[in-house]
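Peer 1:
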Amino acid sequence: MDLDTSNLRRVTAASAVVVTALQATTATLALRAGRRDYADGVWGPGLAAVALTSALVGRGDPWRRWALAAVTTVWAARLESLMLQRLTGTDEEDERYTEFLEGDSTPTVLAKVFGTQALAQLLVSAPLQVAAASRLPRGPRRWLFPAGVAVMIAGGVVEAVADRQKSAYTAAKEKAREAGQDDDVPDDLEVLDTGLWGWSRHPNYFGDSVVWDGAWLAAAASSPGAWTLPAPVAMSYFLIYATGAKRTEDKMGDRPAYQDYQRRVAFFFPRPSR
Numbered sequence: 005m006d007l008d009t010s011n012l013r014r015v016t017a018a019s020a021v022v023v024t025a026l027q028a029t030t031a032t033l034a035l036r037a038g039r040r041d042y043a044d045g046v047w048g049p050g051l052a053a054v055a056l057t058s059a060l061v062g063r064g065d066p067w068r069r070w071a072l073a074a075v076t077t078v079w080a081a082r083l084e085s086l087m088l089q090r091l092t093g094t095d096e097e098d099e100r101y102t103e104f105l106e107g108d109s110t111p112t113v114l115a116k117v118f119g120t121q122a123l124a125q126l127l128v129s130a131p132l133q134v135a136a137a138s139r140l141p142r143g144p145r146r147w148l149f150p151a152g153v154a155v156m157i158a159g160g161v162v163e164a165v166a167d168r169q170k171s172a173y174t175a176a177k178e179k180a181r182e183a184g185q186d187d188d189v190p191d192d193l194e195v196l197d198t199g200l201w202g203w204s205r206h207p208n209y210f211g212d213s214v215v216w217d218g219a220w221l222a223a224a225a226s227s228p229g230a231w232t233l234p235a236p237v238a239m240s241y242f243l244i245y246a247t248g249a250k251r252t253e254d255k256m257g258d259r260p261a262y263q264d265y266q267r268r269v270a271f272f273f274p275r276p277s278r
């Protein structure tokens, strides 16, 4: 068997301790500041912390566990830079959290936000933990490891390019506002439908999901790794339904320009626009 079960128990226990510490620290700061949306700022760092902890505690193939840790950390660092810009750019809590937690007590907030996120981080990172405690088998299957890393990098590039294109669009729209064009926004600024956004309405979320598909593929090079398939499935669910694409659609769907965009461009998985 490729998996060292006793080592996996140590990896999982260490990961749980790290995630709990990060969530508890963030929760303390968030409640003091009245900003429950600080939870967004610990999502990437939490996953990077699990990847690094797994690489340190794991006794599986060193190339794989450290490669996965490196790619995950780079992905998390880029995401965190965006999160910090958003969180520090305003004194107001994200309205999603305000609506979701309205009237909730402190224990309920801790459970619904920080406890749930901790469990989600441990679930999503399951391929990283299993890979860290598994040896690479001989034979063709071992090539799933570099293939998975390549998929992770490709997904990260897609996500980064999409975010950069969105930032450029937002800056152009803000410039138009400052020029006094609020009532007559240029047609090309009604909705972002160029670049990757002309292939998918949510290419950043799609790229994010591909990152975690790649992590699963790399783990699947060892026989038990394939059983962590619920991890990337859960991540895709979060990105599409729970916190990502669907929420954006609900917020933007009443705009005529966006309704036209919905008719022309694929929802999540990229394809040429109509």
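Residues 5 to 278 in my numbering are what the sequence shown spells out, letter by letter. Note that beta-carbon positions come from the ideal geometry of N, C-alpha and C, so glycine has one too.
1. Since S240 sits in a beta bridge, which residues does DSSP pair it with?
2. May I ask which residues mark the beginning and end of the alpha helix (DSSP H) holding R2?
3. Does the beta-carbon distance from W220 to P131 come in below 8 Å?
4. State the CB to CB distance for the pair A222 and A230, rounded to an integer number of angstroms; the pair is presumed to be in contact (CB under 8 Å).
5. Closest by CA to T135, which one among D197, R278, F273, T16?
6. Return helix, strand or coil for S138, following the three-state DSSP convention.
7. Could you check whether S129 and S240 sit closer than 8 Å to each other, using their CB atoms as the reference points?
8. Counting C-beta neighbours from all protein chains within 10 Å, is the total for W79 16 or more, i.e. buried, or is it exposed?
9. Can you tell me the Cα-Cα spacing of V2 and Y101, whole angstroms?
10. Can you give me the C-alpha to C-alpha distance between V195 and L88, rounded to a whole angstrom?
Peer 2: A quick look at the data gives this:
1. Residue numbering aside, residue 240 sits at position 236 when the sequence shown is read from its first letter. DSSP output for S240 lists no bridge partner at all.
2. The requested residue 2 does not occur in the structure, where the chain is confined to residues 5 to 278.
3. What you label residue 220 is simply residue 216 of the sequence shown in a count that begins at 1. What you label residue 131 is simply residue 127 of the sequence shown in a count that begins at 1. Their beta carbons are under 8 Å apart, which means W220 touches P131 by this criterion.
4. Translated into the one-based positions of the sequence shown, residue 222 becomes position 218. Translated into the one-based positions of the sequence shown, residue 230 becomes position 226. About 11 Å separates the two Cβ atoms, so there is no contact after all.
5. Position 131 of the sequence shown, counted from the start, is the residue given in the question as residue 135. What sits at residue 135 in the sequence shown is Ala, not Thr. In terms of CA proximity to A135, T16 leads the group D197, R278, F273, T16.
6. Stepping through the sequence shown from its first residue, residue 138 is reached at position 134. Strand at S138.
7. Position 236 of the sequence shown, counted from the first residue, corresponds to residue 240. Position 125 of the sequence shown, counted from the first residue, corresponds to residue 129. Contact: no.
8. Residue numbering aside, residue 79 sits at position 75 when the sequence shown is read from its first letter. Buried, since its Cβ has 16 or more Cβ neighbours within 10 Å.
9. This structure does not reach residue 2, given that the chain is present from 5 up to 278, and the question cannot be answered.
10. Locating residue 195 in the sequence shown gives position 191, counting from the first residue. Locating residue 88 in the sequence shown gives position 84, counting from the first residue. So the two alpha carbons sit approximately 25 Å from each other.
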